[in-house]
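Protein chains: 2
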Amino acid sequence: MKSFPSRAIVREVGLRDGLQSIRTILPTARKCEWIRRAYEAGQREIEVGSFVPARLMPQLADTAELVAYAKGLPGLVVSVLVPNLKGAERALEVGAHALLVPLSASHAHSLANLRRTPDEVIAEIARIRSARDVSGSRTRIEVGVSTAFGCTIQGEVPQQEVLRCMQAALDAGADQVGLADTVGYAGPGAVRALFEKARSIAGQALACAHFHDTRGLALANVHAALETGIERFDASLGGIGGCPHAPGASGNASSEDLVFMLEEMGLQTGIDIERLLALRAQLPAWLPDETLHGALARAGLPKTSATRMSAPLASEIQ
Amino acid sequence: MKSFPSRAIVREVGLRDGLQSIRTILPTARKCEWIRRAYEAGQREIEVGSFVPARLMPQLADTAELVAYAKGLPGLVVSVLVPNLKGAERALEVGAHALLVPLSASHAHSLANLRRTPDEVIAEIARIRSARDVSGSRTRIEVGVSTAFGCTIQGEVPQQEVLRCMQAALDAGADQVGLADTVGYAGPGAVRALFEKARSIAGQALACAHFHDTRGLALANVHAALETGIERFDASLGGIGGCPHAPGASGNASSEDLVFMLEEMGLQTGIDIERLLALRAQLPAWLPDETLHGALARAGLPKTSATRMSAPLASEIQ
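Those protein sequence lines, which keep their order, are chains A and B.
In this text, residue positions in the first sequence follow this note's numbering: the first is 1, and each later residue adds one.
In this text, residue positions in the second sequence follow this note's numbering: the first is 1, and each later residue adds one.
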């Protein structure tokens, strides 16, 4: 059997993917507290928001302030989502460490989500790359190929089209690419098949997997992706996010359950699960009207966990 | 990477492991309807109840009737749980196809659950084997080594003790053994490690994995176990069961989510997921006071599932 990597990165996307899709607008001070405590728990990559027009997404209107705050935490990789060049220019201005461009492999979803075809988005990625290079910025450009396992609008998304989009994103100048199961259609079979092929094309530039837990398979999908060499996963504290097409369904893989699984498997995440759970315990008060997910927050750590989890990184935090 | 088996068996244990731990007493006619519809959906192994004193577990008092009913369905493997020789004698009398003896590897759990030490249970297994052989019955004797990944009472359960119990069960005359994560402590790391070792000891006699979804890892654990060659899994419709030590936590892996995952991976289960979901849709009416689990029942099948799932077995059902 294939051996697993020795480390894994859990990138927190709850502040972006989670908060964008729920009604509650979390105050900026709260978001800063979330970022600080996630950092203190050991998280070293956080997607703090999106540069989209505030009238479209008032929940994320404070993204520039959050980038500024988060950049004050040494060693934290601060990323933002940008839908287009204009958003990318703002990300470059504020000096985000990484900007993430979603590229939907589903033609129908791309039009519905960004009012652009996949090829128009690819052209925009090339413009974003030019803007980055001209600015002299070192901001990493990451493209998340979304609806990579199917689409609630168009249904099947051919694997060939997903891989074509990924290759085109790299050709247009993306530094890294990832594959996202935007609507929670993926299972371990499709994950293994697609990530293996994507790996053979993109090599180490394939650097992220993004799973939604809509059908309860997010962690099994992570398990399958690990075996194809993926070591970096998006996740959302409390599994927030949901999906408008699947009432009651979870959003992203929940960060705390994912960290628990990875550490149980002997993969170092650098994250202190008890501190992360203490932060998770704040969410019901912060988001009182939202449905939260995640099994660990309900069931607690096993009695046996102390001996299995890696040591806290207290010395790194100060 | 290791290839997966081409088929897998999902044994329904909701009527036993599920119903024993909830308050509602389902009428016998309802249980028969459940068994019939599970069978029509393609399930070919069902644990219909336990032979325990009715005063201790009134929910399962109709087990003999259920065995008689279920034996009328051609090709269905009908199993019952028995805690001791007396229960086994009843299972032999009614001609169950298989009887399952739980053997807790946790000394503390064994005393709490059966008022016997593991070694006393092992001696009882030998007596059950003798009784079976004397009776001329072909009832299969299966031992489920429980608390194999830890125990809520004693905490750690040494792997060595789990393997010793398993070997002793085989030596005492069990035809098959399985490993059960009774309290939902297992993760894919421990699953892989323990099942690999158990396989090297028991070979093909190691024939079942039983996971609880208490910490959201049941399906990831199945994924890990598949890679060690396990092809048979216990599961419970609607994930019923729960755990008194983990309020709000799920019980067994939910049958419908498990079938969905296995079929997505290309493993033939023989189960028509749409029929199984139609049966699952009855549970809220049958068990109105119970918390039900499972993501698929909330989110529905993906738009893309028709082309991915295997064909219904209508021709086998008549």
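Built from N, CA and C at the ideal position, the CB exists for glycine as well.
Look up residue i in the DSSP assignment and give the residues it is bridged to.
{"i": "residue 235 of chain B", "result": "B/12"}
{"i": "residue 181 of chain B", "result": "B/211"}
{"i": "residue 151 of chain A", "result": "A/155"}
{"i": "residue 46 of chain B", "result": "B/12 and B/78"}
{"i": "residue 144 of chain B", "result": "B/102 and B/178"}
{"i": "residue 252 of chain B", "result": "B/212"}
{"i": "residue 206 of chain B", "result": "B/177"}
{"i": "residue 268 of chain B", "result": "B/7"}
Taking the alpha-carbon positions, what's the residue i to residue j distance?
{"i": "residue 125 of chain B", "j": "residue 178 of chain B", "result": "14 Å"}
{"i": "residue 17 of chain A", "j": "residue 222 of chain A", "result": "18 Å"}
{"i": "residue 229 of chain B", "j": "residue 189 of chain B", "result": "15 Å"}
{"i": "residue 10 of chain A", "j": "residue 224 of chain A", "result": "16 Å"}
{"i": "residue 145 of chain B", "j": "residue 59 of chain B", "result": "24 Å"}
{"i": "residue 161 of chain A", "j": "residue 109 of chain A", "result": "13 Å"}
{"i": "residue 49 of chain B", "j": "residue 96 of chain B", "result": "11 Å"}
{"i": "residue 87 of chain A", "j": "residue 207 of chain A", "result": "22 Å"}
{"i": "residue 263 of chain A", "j": "residue 62 of chain B", "result": "44 Å"}
{"i": "residue 155 of chain B", "j": "residue 303 of chain A", "result": "5 Å"}
{"i": "residue 232 of chain A", "j": "residue 31 of chain A", "result": "23 Å"}
{"i": "residue 123 of chain B", "j": "residue 220 of chain B", "result": "35 Å"}
{"i": "residue 42 of chain A", "j": "residue 271 of chain A", "result": "4 Å"}
{"i": "residue 159 of chain A", "j": "residue 260 of chain B", "result": "20 Å"}
{"i": "residue 157 of chain B", "j": "residue 150 of chain B", "result": "5 Å"}
{"i": "residue 104 of chain B", "j": "residue 167 of chain B", "result": "13 Å"}
{"i": "residue 98 of chain A", "j": "residue 67 of chain A", "result": "11 Å"}
{"i": "residue 132 of chain B", "j": "residue 138 of chain B", "result": "8 Å"}
{"i": "residue 320 of chain B", "j": "residue 152 of chain B", "result": "Residue 320 of chain B lies beyond the residue range present for chain B, which begins at 1 and ends at 318; the question has no answer from this structure."}
{"i": "residue 75 of chain A", "j": "residue 37 of chain A", "result": "14 Å"}
{"i": "residue 24 of chain B", "j": "residue 57 of chain B", "result": "12 Å"}
{"i": "residue 47 of chain A", "j": "residue 79 of chain A", "result": "4 Å"}
{"i": "residue 15 of chain A", "j": "residue 27 of chain A", "result": "11 Å"}
{"i": "residue 301 of chain A", "j": "residue 22 of chain B", "result": "23 Å"}
{"i": "residue 69 of chain A", "j": "residue 169 of chain A", "result": "30 Å"}
{"i": "residue 268 of chain B", "j": "residue 45 of chain B", "result": "15 Å"}
{"i": "residue 65 of chain B", "j": "residue 33 of chain B", "result": "13 Å"}
{"i": "residue 265 of chain B", "j": "residue 94 of chain A", "result": "44 Å"}
{"i": "residue 313 of chain A", "j": "residue 287 of chain A", "result": "With a pLDDT of 39 at residue 313 of chain A, under the threshold of 50, the modelled position of this residue cannot be trusted; read the value that follows with caution. Rounded to whole angstroms, residue 313 of chain A to residue 287 of chain A spans 28 Å at the Cα level."}
{"i": "residue 322 of chain B", "j": "residue 29 of chain A", "result": "Nothing about residue 322 of chain B can be read from this structure; chain B reaches only from 1 to 318."}
{"i": "residue 71 of chain A", "j": "residue 147 of chain A", "result": "31 Å"}
{"i": "residue 20 of chain A", "j": "residue 19 of chain B", "result": "40 Å"}
{"i": "residue 171 of chain A", "j": "residue 196 of chain A", "result": "20 Å"}
Quick check on residue i: buried or exposed, where buried means 16 or more other Cβ atoms within 10 Å of its Cβ?
{"i": "residue 130 of chain A", "result": "exposed"}
{"i": "residue 319 of chain A", "result": "Outside the modelled stretch of chain A, which goes from 1 to 318, sits residue 319 of chain A, for which no answer is possible."}
{"i": "residue 134 of chain B", "result": "exposed"}
{"i": "residue 6 of chain A", "result": "exposed"}
{"i": "residue 181 of chain B", "result": "buried"}
{"i": "residue 204 of chain A", "result": "exposed"}
{"i": "residue 118 of chain B", "result": "buried"}
{"i": "residue 226 of chain B", "result": "buried"}
{"i": "residue 315 of chain B", "result": "Per-residue confidence for residue 315 of chain B stands at a pLDDT of 35, beneath the threshold of 50, marking its modelled position as unreliable; no derived number is given."}
{"i": "residue 253 of chain B", "result": "buried"}
{"i": "residue 213 of chain B", "result": "buried"}
{"i": "residue 35 of chain B", "result": "buried"}
{"i": "residue 280 of chain B", "result": "buried"}
{"i": "residue 290 of chain B", "result": "buried"}
{"i": "residue 3 of chain B", "result": "exposed"}
{"i": "residue 251 of chain B", "result": "buried"}
{"i": "residue 90 of chain B", "result": "buried"}
{"i": "residue 136 of chain A", "result": "exposed"}
{"i": "residue 40 of chain A", "result": "buried"}
{"i": "residue 8 of chain B", "result": "buried"}
My understanding is that residue i touches residue j, with C-beta atoms under 8 Å, so please give their C-beta distance in whole angstroms.
{"i": "residue 296 of chain B", "j": "residue 234 of chain B", "result": "The Cβ separation is near 18 Å, so there is no contact."}
{"i": "residue 101 of chain B", "j": "residue 77 of chain B", "result": "Actually they are not in contact, since the Cβ atoms of residue 101 of chain B and residue 77 of chain B sit about 17 Å apart, beyond 8 Å."}
{"i": "residue 215 of chain A", "j": "residue 299 of chain B", "result": "5 Å"}
{"i": "residue 209 of chain B", "j": "residue 163 of chain B", "result": "Wrong, their Cβ atoms sit about 15 Å apart, outside the cutoff."}
{"i": "residue 239 of chain B", "j": "residue 292 of chain B", "result": "7 Å"}
{"i": "residue 211 of chain A", "j": "residue 186 of chain A", "result": "6 Å"}
{"i": "residue 13 of chain B", "j": "residue 236 of chain B", "result": "5 Å"}
{"i": "residue 127 of chain A", "j": "residue 85 of chain A", "result": "5 Å"}
{"i": "residue 276 of chain B", "j": "residue 255 of chain B", "result": "7 Å"}
{"i": "residue 111 of chain B", "j": "residue 121 of chain B", "result": "That pair is no contact at about 10 Å."}
Are there any heavy atoms of the ligand ADP lying less than 6 Å away from the beta-carbon of residue i, as far as the coordinates show?
{"i": "residue 275 of chain A", "result": "This structure lacks the ligand ADP; in fact it carries no ligand of any kind."}
Within the segment 74-121 of chain B, ranges of the alpha helix (DSSP H) (whole runs, at least 4 residues): Every alpha helix (DSSP H) of 4 residues or more that sits fully in the segment 74-121 of chain B is shown, in chain order, as 85-94 and 107-114.
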